Amino acid sequence: MTTSPLSLQEFMLENQFAELPAHFYTHLAASPIDKPYLVAASTEVAAQLNLDQASLNSPEFLNYFSGNQLIPGSKPLAAVYSGHQFGVWAGQLGDGRALLLGGTSHAEQHLEIQLKGAGMTPYSRMGDGRAVLRSSIREFLCSEAMAALNIPTSRALCVIGSDQMVFRETPETSAVVARVAPSFVRFGSFEHWYYNDRMDDLRLLADYVIALSYPELQTENNPYQALLATVTTRTATLMAQWQAVGFMHGVMNTDNMSIIGQTLDYGPFGFMEAYDEKHICNHTDQQGRYSYRMQPAIGNWNCQALAQALSPVIGSVDDTNAALSHYPAVYRKKWTELMHQKFGLKTDQEGDLDLFAGFFTLLQSNHADFTLSFRHLSKLSNQKSTKDELLRDLFLDRDGLDLWLLDYRARLGMEQSDDKTRQASMLSVNPKFVLRNYLAQVAIEKAQKKDFSETRKLLSILKNPYDEQEEHEDYAELPPDWARHLEVSCSS
Ligand code: AMP
Ligand code: MG
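Take 2 as the starting number for the sequence shown in our numbering and just add one per residue.
Dropping the structure here:
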């Protein structure tokens with residue numbers, strides 16, 4: 002049942018996580034922030050929450066989503082979880098600066114709201130419980146950009162800024178992001194109870210997650226095994242989707258892995274520009290554990306960590322392994338399917354993987370821009386023409402590219418590929434606009450001077466990543482020289 006959009010006076014939440022036993026979380030209110038102001042809001046997310054658009058500009062909106070005022074029905078809490086960080090067991094972590102306010106259902110979709118940067122919690126460890134404006138804008142823009150790319154992700158309703166200072170490498174202003182997702186439970190939430198030898202709590206959490214997010218699994222013979230199998234499938238699929246747009250998460254610790262297979266916890270992420278499969282977007286990740294080429298394997302590693310944690314409720318090692326073992330096959334199948342789409346091929350033929358590999362080898366040796374290469378490839382004709390030049394300009398080794406294009410065109414010929422249809426379908430899967438680090442940086446620097454126009458403009462461009470938007474041509478260009486070596490760390 003759909004109802005007409007609600008005003009903020011009518012908006013209510015209900016916190017289902019709060020029905021779990023008290024040791025799963027700590028109830029606490031957000032620490033108020035000084036003079037909140039709206040940096041940006043997503044009208045799409047407001048619509049998903051059934052909030053009317055007028056409410057986005059009201060003072061109540063600022064108070065509710067900065068944490069300064071309690072939304073009726075909300076029971077704010079910080080959840081406890083643990084996790085493996087950079088492959089090492091890190092013990093207890095938890096929502097160190099996030100508060101789960103509660104959830105709401107609209108159009109048969111359950112969505113929960115979390116405030117990130119809402120102040121200290123019992124899980125803050127050495128942190129101050131706050132988030133800087135810089136990282137909040139990055140999380141906001143990237144969640145919305147990923148959603149527009151059709152990649153499962155938590156969403157962001159808004160970023161609310163404050164002049165209250167926090168200290169990172171330098172003093173910076175702070176902000177609160179209102180994140181929205183059907184569930185914020187992490188792989189590490191399960192590991193927490195497993196490593197604390199609390200099997201009853203492990204089972205309670207699994208039952209909770211199944212009831213809320215996977216009700217269709219309740220009738221399976223072994224719902225816990227089915228849960229692991231489904232999360233494994235979703236995670237493998239998500240990794241293929243990341244690889245296909247060149248998205249790098251940067252901190253794929255098990256506490257940042259969503260139990261519903263969404264992209265979660267945006268930190269030092271990046272989109273591949275000059276292609277290098279070894280690229281590391283998080284400059285604190287010196288070993289490159291979370292480099293681009295490692296992501297699919299790390300996704301599998303993380304599923305294994307989840308499997309270990311779920312094994313006591315699944316029952317046997319064999320049943321646990323059986324629910325996990327399809328990861329490589331699911332990943333390969335999804336990646337291959339996405340590559341066929343990206344290369345505009347309707348059929349699956351022998352030699353296709355070599356054809357794809359040939360293009361990636363050229364991307365690697367030429368360090369060609371990932372997004373632009375696929376975008377320009379989408380515009381080629383069956384026959385060699387002047388349209389090849391845009392693509393050729395991205396490669397130093399033009400002869401190498403020309404040779405590959407001969408093979409590619411021969412392959413297109415095998416399925417009588419029609420230019421118009423193929424170009425249209427390729428342009429609908431190879432984005433023109435991604436959140437390049439420098440674009441975010443320009444928006445952030447303006448926002449730090451209280452000019453939010455660039456953040457909002459970027460949001461509107463990234464909402465339609467496949468459209469030409471000729472008026473915004475400059476947002477699709479190669480990064481300027483000053484931005485080639487922008488470094489992004491975990492500090493946020
Ligand atoms: P992350 O690497 O951002 O996923 O964070 C790992 C852990 O550190 C999580 O438990 C976070 O809640 C916590 N954390 C990160 N930054 C802060 C902060 N500024 N204040 C408190 N806790 C934080
Ligand atoms: Mg995290």
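Just so it is clear, CB atoms sit at the ideal spot from N, CA and C, and this is done for glycine as well.
Every value quoted in this text rests on a predicted model; they were computed, and no experiment measured them.
Item                                                                                                                                                                      : Value
Output the residues surrounding the ligand MG, defined as those with a CB atom closer than 5 Å to any ligand heavy atom, in chain order.                                  : Asn257 and Asp266
Under a CB-based cut-off of 8 Å, is Glu351 close to chain C?                                                                                                              : Given the protein chain composition of this structure (a single chain), no chain C is represented.
For Asp96, is the beta carbon positioned less than 7 Å from some heavy atom of the ligand AMP?                                                                            : yes
Would the beta-carbon of Lys433 fall within 8 Å of that of Tyr409?                                                                                                        : no
Kindly provide the ranges of any beta strand (DSSP E) runs that are 3 or more residues long and lie completely inside the segment 141 to 199, ordered along the chain.    : 156 to 168 and 172 to 182
Measuring only the C-alpha atoms, how far is Asp319 from Arg98?                                                                                                           : 38 Å
Taking 7 Å as the cut-off, does the CB of Gly251 come closer than this to any heavy atom belonging to the ligand AMP?                                                     : no
Since Trp336 sits in a beta bridge, which residues does DSSP pair it with?                                                                                                : Beta-bridge pairing links Trp336 to no other residue.
Return the residue from the list Ala30, Ser43 and Tyr38 that minimises the CA-CA distance to Ile72.                                                                       : Ala30
Can you give the beta carbon distance from Val489 to Ala146, rounded, assuming they're within the 8 Å contact cut?                                                        : The pair is not a contact, with the Cβ atoms about 16 Å apart (cut-off 8 Å).
Excluding the five sequence neighbours on either side, which residues of its own chain have a C-beta within less than 6 Å of the C-beta of Thr234, listed in chain order? : Val331
Counting Cβ pairs closer than 8 Å, one from the segment 264 to 279 and one from the segment 190 to 199, do we hit at least three?                                         : no
Is Gln288 near Met240, with beta carbons less than 8 Å apart?                                                                                                             : no
How many whole angstroms separate the CB atoms of Ala308 and Thr321, which I take to be in contact at a CB cut-off of 8 Å?                                                : 5 Å
Compare the beta carbon distance of Asn51 and His107 with 8 Å and say whether it is the shorter of the two.                                                               : yes
Could you check whether Val232 and Glu173 sit closer than 8 Å to each other, using their CB atoms as the reference points?                                                : no
Identify every residue that forms a DSSP beta bridge with Asn283.                                                                                                         : Val489
If Asp256 sits next to Tyr124, beta carbons under 8 Å apart, how far is it from one beta carbon to the other, in whole angstroms?                                         : About 11 Å; that fails the 8 Å criterion.
On a CA-only basis, which of Ala369, Leu63 and Pro183 is nearest Ile114? Give me that one, please.                                                                        : Pro183
Could you check whether Ala306 and Phe188 sit closer than 8 Å to each other, using their CB atoms as the reference points?                                                : yes
Could you tell me whether any non-hydrogen atom of the ligand AMP is closer than 7 Å to the CB of Asp129?                                                                 : yes
Per DSSP, what kind of secondary structure is Thr105 in: helix, strand or coil?                                                                                           : strand
Would Asp286 be called buried (16 or more neighbouring beta carbons within 10 Å of its own) or exposed?                                                                   : buried
Quick check on this structure: which residue in Asp129, Gln49, Thr154 and Lys76 has the alpha carbon closest to the alpha carbon of Gly262?                               : Thr154
Check whether the segment 331 to 344 touches the segment 363 to 374, taking contact to mean three or more Cβ pairs, one atom from each stretch, closer than 8 Å.          : no
So Tyr291 and Glu278 are supposed to be a Cβ contact under 8 Å. How far apart are they, rounded?                                                                          : In fact, because the Cβ distance is near 13 Å, the residues do not count as touching under 8 Å.
Once DSSP output is grouped into helix, strand and coil, what is the label at Phe87?                                                                                      : coil
Could you give the distance in angstroms between the alpha-carbon of Leu9 and the alpha-carbon of Leu378?                                                                 : 47 Å
Please return the same chain residues whose Cβ sits closer than 8 Å to the Cβ of Met166, not counting the five positions on each side in sequence.                        : Pro172, Glu173, Thr174 and Ser175
Starting from the N-terminal side, write out each stretch of the alpha helix (DSSP H) that is 4 residues or longer and does not extend beyond the segment 37 to 81.       : 44 to 49 and 60 to 67
Helix, strand or coil: which one does DSSP assign to Ile34?                                                                                                               : coil
Using the Cα positions of Gln424 and Asn151, report the straight-line distance between them to the nearest angstrom.                                                      : 19 Å
Is it the case that the CB of Tyr124 approaches a heavy atom of the ligand AMP more closely than 7 Å?                                                                     : yes
Which of the three DSSP states is assigned to Leu402 in this structure?                                                                                                   : helix
Quick one: Cα of Asn69 to Cα of Gln449, how far?                                                                                                                          : 22 Å
Given that a residue counts as buried once 16 or more other Cβ atoms are within 10 Å of its Cβ, and exposed if not, what is Val430?                                       : buried
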